[in-house]
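Working notes, structure below.
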Amino acid sequence: MKNAKLHWARLPINSIENCRDLGGYSTEYGQQTKWHSFLRSSDMSRLTHEDIVFLKEYGVKTVIDLRGKDEIETHKNPLAKEAFCEYHNIPFITQQVSDITQSFYEKSMGDFYVDLLEQNDSVKKIFDIIDQANEGCIVFHCQAGKDRTGVLAMLLLGIAGVEKKDIVSNYEVTFTNLESIHQTELPYGMIPKEFLYSNRDYILKAYEYILQNYQSVDQFLMAKDVEQDVINRVKHRFLGLGETVAS
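Numbering (the UniProt record's numbering), first residue to last: 1 to 247.
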């Protein structure tokens, strides 16, 4: 019997390869990020009834789907029809609908992440939705749960004061969990497989871009018109019940 009251680093959900809790990270504020607050996930279209019940018991109240409309059309999230949670679609991408795009022949994965960061409207909408969400757990996801989801996880962990090495390690785990990618010789058409790796250099480029151009994640978000009060409330949501880390 799966106990939804426990703190799961990777949730015991057979129908999702990469669903993880962002709780348990030490922060510069002397706290830990709160469990059952934010989940990052890959495609949720194959959720079974049993796993939907588990997510409900885990406390999920809000879903933020970062995919484009055509991705959703072919891989609908069943939580969109569930009464226990609110579903929001905020496409976190511009030209292409996949995490892996044709532009990678001309640009690196790190450059793609930087492009995501400069999607001002999407960044603001995402954080406004988080701020306005009902009390309870928020799950956010894209298709693979690596790129768009990874960038948002970086931002959330960043404003919570999580150390860079822990932000990077959270990102790196993704490829290990995505077994379907390992089994595919030519994933996503003819896109080189190295673009599917969760290489630390990819997320580091995005993180360092923020520090070099905005000095901090907080300053970055304010530059994207996210209000300081919104940032503070999101921090409180992530840290408000965190336990002080023993010295």
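Even glycine gets a Cβ: it sits at the ideal position worked out from N, Cα and C.
- Per DSSP, H236 lies in no beta strand (DSSP E) segment; the continuous alpha helix (DSSP H) that holds it begins and ends at 228-239.
- Taking T33 as the centre and dropping the five residues before and after it, the same chain places the C-beta of L22, G23, G24, Y25, T27, L157, A160, V162, F238, L239, G242 closer than 8 Å to its C-beta, in chain order.
- Bounds of any alpha helix (DSSP H) do not take in E17, whose DSSP letter is neither H nor E.
- With respect to V151, Y113 sits close: the two C-beta atoms are nearer than 7 Å.
- Shown here for E86: same chain residues with a beta carbon closer than 8 Å to its own, the five before and five after excluded, namely K61, T62, V63, A133, N134 in chain order.
- Excluding residues up to 5 positions away in sequence, Y87 lie with their Cβ nearer than 6 Å to the Cβ of A80 in the same chain.
- The DSSP-derived three-state label of N89 is strand.
- Counting along the chain, no beta strand (DSSP E) covers K124; the unbroken alpha helix (DSSP H) around it starts and ends at 120-132.
- Looking at L11, N89, Y202, the one whose alpha-carbon comes closest to that of H141 is N89.
- The beta-carbon distance between P78 and L47, rounded to whole angstroms, is 5 Å. This is short enough to meet the 8 Å contact definition.
- Restricting attention to I52, I93, C137, the CA atom closest to the CA of N120 is found in I93.
- In this structure S41 is buried. Its beta-carbon is surrounded by 16 or more other beta-carbon atoms within 10 angstroms.
- Across the structure, S15 and I52 are spaced so that their CA atoms are roughly 10 Å apart.
- If you draw a straight line from the Cα of N3 to the Cα of F54, it is about 8 Å long.
- If you draw a straight line from the Cα of F127 to the Cα of D229, it comes to about 11 Å.
- Contact between V226 and V123 is confirmed by a C-beta separation of about 7 Å, below the 8 Å threshold.
- Leaving aside the five residues that flank D131 on each side, the residues in its chain whose CB is nearer than 7 Å to its CB run, in chain order, V230, R233, V234.
- Rounded to the nearest angstrom, the Cβ distance from L6 to R20 is 14 Å, too far for a contact under 8 Å.
- The beta carbon of L221 is closer than 6 Å to those of I231 in its chain, skipping five residues each way along the sequence.
- In this structure, the alpha-carbon of S45 lies about 10 Å from that of E73.
- A distance below 6 Å between beta-carbons, with the five flanking residues on each side excluded, links K125 to the following residues of its chain, in chain order: I90.
- In the three-state reduction of the DSSP assignment, I52 falls in the helix class, which pools H, G and I.
- Among the bridge pairs identified by DSSP, Q32 is matched with S26.
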